[in-house]
Amino acid sequence: MIQLLLFAFFTGCIYVCYQLTFPKQWREVKVFSGPPTVPLLGTLIPSSQLDVTKKVEEWSRAYGSPFLAKLGPSYLLIVSKAEQIEPILKGTTNLAKGGSYRFVERWLGKGLLTSTNEQWRHQRKLLTPTFHYKILQDFLHIMNEQSAVLVERLREHVKSQAGEPQPFDLCPYITLCALDIICETSMGKRINAQSSPTSPYVQGILEFTEVATYRATHPWTWSDYIFENFSVMGRRFRQSLNTMHQFTKDVIKDREAAREANGATGKNDEPATEEIRKKRALMDFLLEMKQKGDFSSQEVREQVDTFMFEGHDTTASGIEWSCYLFGRNPDIQLRLQEEIDSVLGSDRSDFPTADQLNEMKYLECCIKESQRMYPPVPYIERTIIDEPVDIGDGRIIPVGTTVGISIQMVQRDADHFPEPDKFDPDRFIAENCVGRHPFAFCPFSAGPRNCIGQKFAMMEEKTILCHLLRNFTFESVQDEALMQDTMSYMFVLRPTKGVWVKLTPR
1 MIQLLLFAFF TGCIYVCYQL TFPKQWREVK VFSGPPTVPL LGTLIPSSQL DVTKKVEEWS
61 RAYGSPFLAK LGPSYLLIVS KAEQIEPILK GTTNLAKGGS YRFVERWLGK GLLTSTNEQW
121 RHQRKLLTPT FHYKILQDFL HIMNEQSAVL VERLREHVKS QAGEPQPFDL CPYITLCALD
181 IICETSMGKR INAQSSPTSP YVQGILEFTE VATYRATHPW TWSDYIFENF SVMGRRFRQS
241 LNTMHQFTKD VIKDREAARE ANGATGKNDE PATEEIRKKR ALMDFLLEMK QKGDFSSQEV
301 REQVDTFMFE GHDTTASGIE WSCYLFGRNP DIQLRLQEEI DSVLGSDRSD FPTADQLNEM
361 KYLECCIKES QRMYPPVPYI ERTIIDEPVD IGDGRIIPVG TTVGISIQMV QRDADHFPEP
421 DKFDPDRFIA ENCVGRHPFA FCPFSAGPRN CIGQKFAMME EKTILCHLLR NFTFESVQDE
481 ALMQDTMSYM FVLRPTKGVW VKLTPR
């Protein structure tokens, strides 16, 4: 009873404040049509994230793009056309993320994902060189080693099955492999998630991601104080946060001590030896920036946590959907395996080099087509804070509006991708991309705030998929309709029922 009264009081206060503070902005944004609203509750009253997504698609067909919706007391303008998202994303102003991102701030603080304006510009300028292709190449050995662990674990699973291959969920294997890779590349720390999946840090990350996604679409959980002190889920959430923050702090402390003891840098902040250079993690670049006064200890922690959040779940999602699609399209899978075999030869103990991965053009086309159909980040937000945005049809998005961009709907627009529900990697052969709208395909967002780690992600996806396809043939057992009805949206697009496959060793 007390929780209900607190929630009613909290919600009522928000509603009154919004009515008093933003009446002009509300009048301006109402030039956009949308579904009817319920006071306080708005239009989005979900029983699940999937219900929200289905409603968004339904309303988009009914009201066009953009359409106006409400989540609780807040207005949200949903956009799903490439031509309309371009002026929103490409400008150098209006760089603020939307309100949904505050649910990950409890872990990430004001890192690159959640910071805004000058703070974001400062961080982006400092961090961009750390994702140079030459530096990323130094991480390839980690990706190869952890991919080999993944292959061995899958071989053990297949061997444990008697008789014909039996379907199993591939997702836990992929997720733990991605966690091992991002932890070692970002922090220089081996957590051995693939062999120790029950470690508190691994469980904390999985718990946090699930709860943050839930909170973004359930307004009654929006108060941090009420949620974390008066609900079982909230207390688990806070415990996960404490575990993750303490782990990162301990790793940073140990890394600083090791750098000082081992002489990690030589003159001009260059690595003292080639071996040390090969072992450098993204954290080492951040610690060098801290030594120069560019970052504080807290900012180093926030950036490392940001790398962890953005670098494991999104990549795992992309690989899982790719495996599902390969298993549904055996002709495409065979063509992929032939390309990989022609580049790498018959000795499957050899790891692919960066140059060899670059030769696998069809694999890259397949990954992009998978990202088009199932973008790892299906939805992003921007808040218009600096100047109004003209979306090109005579309508203006006023300052103060939060804009929700449905990446998945943009990328399944038949105007840009005929037969959008068909898996066709040839769409991304160079000659077929000529004339396509530059914002029709944006799985890593677009404009100044695009994903800084997209080259890292592509290298990782290529590496893991290369290892998997060299060693196994996939057969997906779930049909398309089932997958469409069992997806988790918001921060990362995940198959909630998993990706069930039969694996046959090659």
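Read in this note's numbering, the sequence shown has 471 at position 471, and its numbers run on one by one without any break. Ideal placement from N, C-alpha and C gives every residue a C-beta, glycine not left out. As the structure is a computational prediction, the values presented were derived from the model and not from experiment.
Rounded C-alpha distance that separates residue i from residue j
i	j	result
Pro425	Phe441	13 Å
Asn262	Met458	33 Å
Gly318	Val38	37 Å
Leu77	Tyr379	12 Å
Ile332	Ser322	11 Å
Lys462	Arg124	25 Å
Glu480	Asp421	10 Å
Asn117	Ile384	12 Å
Pro398	Val29	6 Å
Asp347	Arg470	10 Å
Pro219	Val104	15 Å
Met143	Thr243	26 Å
Start and end residues, alpha helix (DSSP H) containing residue i
i	result
Leu136	Tyr133 to Gln137
Lys360	Here residue 360 is Met; the residue named in the question, Lys, does not match the sequence. First-last for Met360: undefined, no H or E at that position.
Glu338	Pro330 to Leu344
Asp254	Val232 to Asn262
Arg102	Arg102 to Leu108
Ala508	Here the chain has residues from 1 to 506 only, and residue 508 is not among them.
Reference residue i, options the options, closest by Cα
i	options	result
Glu302	Pro398, Thr37, Pro39 and Met187	Met187
Ser199	Ala62, Glu57, His218 and Leu176	Leu176
Ser74	Gly400, Arg449 and Val499	Gly400
Leu282	Arg61, Ser231, Ala481 and Ile452	Ile452
Phe237	Val251, Asp250, Ser147 and Thr221	Thr221
Glu289	Thr93, Arg412, Leu126 and Lys54	Checking the displayed sequence, the identity of residue 289 turns out to be Met instead of Glu. Minimum Cα distance to Met289 is reached at Leu126.
Ala524	Glu387, Ser147, Ala414 and Val158	No information on residue 524 is available, as it lies outside the stretch 1 to 506 that the chain covers here.
Lys70	Glu480, Val56 and Pro420	Val56
Phe439	Lys90, Phe285, Arg121 and Thr217	Lys90
Ile396	Gly64, Phe9 and Gln84	Gln84
Thr314	Phe417, Val232, Glu228 and Leu206	Leu206
Cys183	Arg436, Glu419 and Arg280	Arg280
Thr329	Ala62, Ser240, Val501 and Arg153	In the sequence under discussion, the amino acid at residue 329 is Asn, which differs from the Thr named in the question. It is Val501.
Span of the beta strand (DSSP E) around residue i
i	result
Ile405	Thr402 to Ser406
Pro505	Trp500 to Pro505
Val79	Ser74 to Val79
Leu71	Phe67 to Leu71
Phe474	Phe472 to Ser476
Glu381	Tyr379 to Thr383
Buried or exposed by the 16-neighbour rule on C-beta atoms within 10 Å, applied to residue i
i	result
Arg506	exposed
Asn358	exposed
Ala212	buried
Phe295	buried
Val251	buried
Val31	exposed
Ser196	exposed
Gln246	exposed
Tyr225	exposed
Asp305	buried
Leu482	exposed
Val492	buried
Pro495	buried
Leu286	buried
Ser160	exposed
Ser349	exposed
Leu132	The question names Leu, but residue 132 is His in the sequence shown. Answer is exposed; the Cβ neighbour count stays below 16.
Gly34	buried
TODO: Answer yes if the stretch 395–409 comes into contact with the stretch 343–356, meaning at least three C-beta pairs across the two stretches below 8 Å, and no otherwise.
DONE: Contact between the stretch 343–356 and the stretch 395–409 is not established, with fewer than three Cβ pairs separated by less than 8 Å.
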